[in-house]
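Just so you know, the sequences run in chain order A and B. The first sequence runs 2 to 312 under the numbering used here. The second sequence runs 2 to 312 under the numbering used here. The beta-carbon is built from N, C-alpha and C at its ideal position, and this holds for glycine as well.
2 protein chains.
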Amino acid sequence: MKTGRITELFGIDKPVISGGMVWCSGHRLASAVSDCGGLGLIGSGSMHPDTLREHIEKCKAETDRPFGVNLSLFYPQLEEAVDIIMETGVKVVFISAGNPALLTRRFKDAGITVVHVVSSTKFALKAEAAGVDAVVVEGFEAGGHNGRDETATMVLVPAVCRAVKIPVIAAGGIATGAQIAAAFALGAEGVQMGTRFALCDESSASDAFKERCRSLAEGGTMLTLKKSGNIRMVKNELYERIEAAIDGCASADEIKEIVGTRRAKLGIFEGDMKEGMLEIGQTATLVDRSESVADIFADIEAGYAEAVGRL
Amino acid sequence: MKTGRITELFGIDKPVISGGMVWCSGHRLASAVSDCGGLGLIGSGSMHPDTLREHIEKCKAETDRPFGVNLSLFYPQLEEAVDIIMETGVKVVFISAGNPALLTRRFKDAGITVVHVVSSTKFALKAEAAGVDAVVVEGFEAGGHNGRDETATMVLVPAVCRAVKIPVIAAGGIATGAQIAAAFALGAEGVQMGTRFALCDESSASDAFKERCRSLAEGGTMLTLKKSGNIRMVKNELYERIEAAIDGCASADEIKEIVGTRRAKLGIFEGDMKEGMLEIGQTATLVDRSESVADIFADIEAGYAEAVGRL
């Protein structure tokens, strides 16, 4: 894997970013990824402000390499998160959901590199206009929250690359060196990997979640809740109940009641495989073993070289 | 683009196949693709047996190069189609839908090369066990009938490549040289392109259909009718009526009545943009001009070289 605009942007060796996923992406995962030459992201979405601060400090202690924080614009204590990021000297922020114009300028003025996560060319252009340094372009394959157009990575990445001048980081369905090579062939200059890192040793997800997702067959996930979040999850008992309600034309309130709250924590962190919301990508079907971040980097380098050799 | 198992299998120069699409893939398109060094397929799905025979004979007259026929196992006069294929000396058959064990042996015994179109690893393995020479592996991005698992090309291609020994032809979301390079990076040895050829000059689709699809924005198609066909189509008035019915929990019969019959012919061939079923892939968003098959081959060669250069 070559250096280029993305490695230069973040001051890293390999254009590989680990997504800042709720309940998975703590300081352990982020620092391990950064130590391997990639860019690790801390997932603030499942952290109280104090917890976020703690994870940032631990990450700083664990690695000298650059790392970043993923922040959703729906984070309840948004202003506190912004303060913490600035006070602790975090140098990179990946922002997901919402209007890129909201925080970009403030972070940029503080000397922080800003990347916005999008799922359409329209929002990639908005992010570029708002002054972000790069965009993560996330296709239909991705776990968790998804774009409404359902555009898959194979189409979305070249579409965005045609439209913007800033570097594009591809995400969604990327777990192996071959898929990374494919993403670069499409025009991406970096990749963000979620699923594979969510299921590795350093991820703070429960063992039950990791084992369940590693054993997933093809078609083991599905996009659902299209009117209230548009989320890709494992087809477990909770999913079946949600689908039955949608199928039976339940009201938005009835569906909301079935979904409840804290389902992601219940599933991913606490390991309840039936009642939890198990957010993972389609590419879990290619992840089938227990492995460390270092194992992953060795494997994707080898796979990448093999794929390039095919061309 | 290099030669290899797929070019050898069909006796062609470039591992690029044009899909045998209803109302689009007549002798003109097939012979033009074959003349450019690829493999053109005649789409039997929208042809009465006599029409199929006529298109095969015209194709034989128009090109000395190999071409094939795409045949769905739901074709009403299946036995007649098999007879016509054998009598006219067609050397390549791509079979879609249904059990690969049904016709594979008969065609193989007649010296015909057989490829089965699948949308899952499970069915790829069945096809391989049935003795096919290769599989087309078609991802979620593709227009028309789709797999139930909704596995996108970026994940499906490597998954199938891991599982089977026969060569894999990637389809779904492939229109440009960069996407072809990506498919090869993932392990495919050939590509089948649908959308881009459906919208080109030699396609027998109506000008209205071509123009409509070329002007499609991202997110302009959606997968619907998940319980009765699982079809990706343009989000036109017909689509909205279907979705409203599904949303309102209409019965299977009510939905069947809205869909009616001959909607694909109405839309694709006759050019009714509101009432027709406009089957096209997500990658239509990258197709924006009138072009010939020769233009397409020149463009994909250039794009492929550029993409390989990026790696």
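Apart from the five residues on each side of it in sequence, which residues of its chain come closer than 8 Å, Cβ to Cβ, to residue i?
{"i": "Lys-257 (chain B)", "result": "Ser-229"}
{"i": "Ala-172 (chain B)", "result": "Gly-20, Val-118, Val-137, Val-138, Glu-139, Gly-140, Ala-143, Thr-154, Val-192, Gln-193, Met-194, Gly-195"}
{"i": "Ser-205 (chain B)", "result": "Trp-24, Cys-25, Ser-26, Gly-27, Arg-29, Leu-30, Phe-270"}
{"i": "Glu-151 (chain A)", "result": "Phe-141, Leu-224"}
{"i": "Ala-164 (chain B)", "result": "Thr-122, Ala-125, Leu-126"}
{"i": "Ser-207 (chain B)", "result": "Ile-269, Phe-270, Glu-271, Gly-272"}
{"i": "Glu-307 (chain A)", "result": "Gly-178, Ala-179"}
Could you name the residues of chain A that residue i contacts, counting a contact when the two beta carbons are closer than 8 Å?
{"i": "Arg-174 (chain B)", "result": "Note that residue 174 (chain B) is Gly in the sequence shown, not Arg. The answer, in chain order, is Ala-153, Met-155, Val-156."}
Counting only Cβ pairs nearer than 7 Å, list the residues of chain A close to residue i.
{"i": "Ala-265 (chain B)", "result": "In chain order: nothing, as chain A lies at least about 21 Å away."}
{"i": "Leu-312 (chain B)", "result": "Ala-182, Phe-185, Ala-186, Val-309, Leu-312"}
For a cutoff of 8 Å on Cβ pairs, would you count residue i as touching chain C?
{"i": "Leu-187 (chain B)", "result": "This model lacks chain C altogether; the protein chains it does include are A and B."}
Closer than 9 Å by beta-carbon distance: list the chain B residues that pair up with residue i, in chain order.
{"i": "Cys-250 (chain A)", "result": "Asp-248, Gly-249, Cys-250"}
Going by beta carbon distance, what residues of the same chain come within less than 6 Å of residue i, once the five residues before and after it are set aside?
{"i": "Ala-285 (chain A)", "result": "Thr-196, Cys-214, Leu-217"}
{"i": "Ala-33 (chain B)", "result": "Glu-203, Val-294"}
{"i": "Ala-189 (chain A)", "result": "Val-158, Val-169, Ala-171"}
Interface residues of chain B around residue i at Cβ under 7 Å?
{"i": "Pro-101 (chain A)", "result": "Correct list: empty, because the minimum Cβ distance to chain B is about 18 Å."}
Cβ closer than 8 Å: which chain B residues qualify as neighbours of residue i?
{"i": "Ala-179 (chain A)", "result": "Pro-159, Ala-186, Leu-187, Gly-188"}
{"i": "Asp-150 (chain A)", "result": "Glu-219, Gly-220"}
So, at 7 Å on beta carbons, what are the nonlocal neighbours of residue i in its own chain, with the 5 sequence-adjacent residues on each side left out?
{"i": "Met-1 (chain B)", "result": "Since the displayed chain B opens at 2 and closes at 312, residue 1 (chain B) lies outside it and no answer follows."}
{"i": "Ala-176 (chain A)", "result": "Met-194, Thr-196, Arg-197, Thr-284, Leu-287, Val-288"}
{"i": "Asp-134 (chain A)", "result": "Leu-10, Thr-114, Val-115, Val-116, Ile-167"}
{"i": "Lys-109 (chain A)", "result": "Val-115, Gly-132"}
{"i": "Ala-303 (chain A)", "result": "Gly-178"}
{"i": "Ile-281 (chain B)", "result": "Gly-144, Thr-196, Ala-199, Cys-214, Thr-222, Val-235"}
{"i": "Lys-266 (chain B)", "result": "Trp-24, Ser-47"}
{"i": "Arg-264 (chain B)", "result": "Leu-239, Gly-277, Met-278"}
Mind checking who residue i pairs with in its DSSP beta bridge?
{"i": "Leu-287 (chain A)", "result": "According to DSSP, Leu-287 (chain A) bridges with nothing at all."}
{"i": "Ile-96 (chain B)", "result": "B:Leu-72, B:His-117"}
{"i": "Val-235 (chain A)", "result": "A:Thr-222"}
{"i": "Ile-43 (chain A)", "result": "A:Val-70"}
{"i": "Met-194 (chain B)", "result": "B:Ser-19"}
{"i": "Val-91 (chain A)", "result": "Paired residues: none, contrary to the question."}
{"i": "His-146 (chain A)", "result": "A:Ile-232"}
{"i": "Glu-139 (chain B)", "result": "B:Ala-172"}
Regarding residue i and the ligand ZN, is the C-beta to nearest heavy atom distance less than 7 Å?
{"i": "Met-87 (chain A)", "result": "The model on display carries no ligand, and the ligand ZN is accordingly not part of it."}
- [ ] Taking only beta carbons into account, state which residues of the stretch 119-142 of chain B come closer than 9 Å to chain A, listed in chain order.
- [x] Ser-121, Thr-122, Lys-123, Gly-140, Phe-141, Glu-142
Task: Touching by the beta-carbon criterion (3+ pairs, under 8 Å), the stretch 246-266 of chain A and the stretch 286-298 of chain A - done: no
TODO: Note down, in chain order, all residues in the stretch 24-56 of chain B with a beta-carbon under 8 Å from any beta-carbon belonging to chain A.
DONE: none
Task: Residues, ordered as in the chain, of the stretch 214-246 of chain A that lie near chain B by beta-carbon distance below 8 Å - done: Glu-219, Gly-220, Met-223, Leu-224
Open item on the list: Under 7 Å, CB to CB, which of the residues in the stretch 258-288 of chain B have a partner in chain A?
Closed with: Gln-283, Thr-284, Thr-286, Leu-287
Open item on the list: Between the stretch 114-132 of chain A and the stretch 112-131 of chain B, can you find at least three pairs of beta-carbon atoms closer than 8 Å?
Closed with: no
Task: Contact between the stretch 45-61 of chain B and the stretch 223-240 of chain B (3+ Cβ pairs under 8 Å) - done: no
TODO: Take every Cβ of the stretch 58-74 of chain A, pair it with every Cβ of the stretch 40-47 of chain A, and state whether three or more of those distances are shorter than 8 Å.
DONE: yes
Open item on the list: If contact is defined by three or more beta carbon pairs under 8 Å, each pair taking one atom from either stretch, is the stretch 234-252 of chain B in contact with the stretch 176-186 of chain B?
Closed with: no
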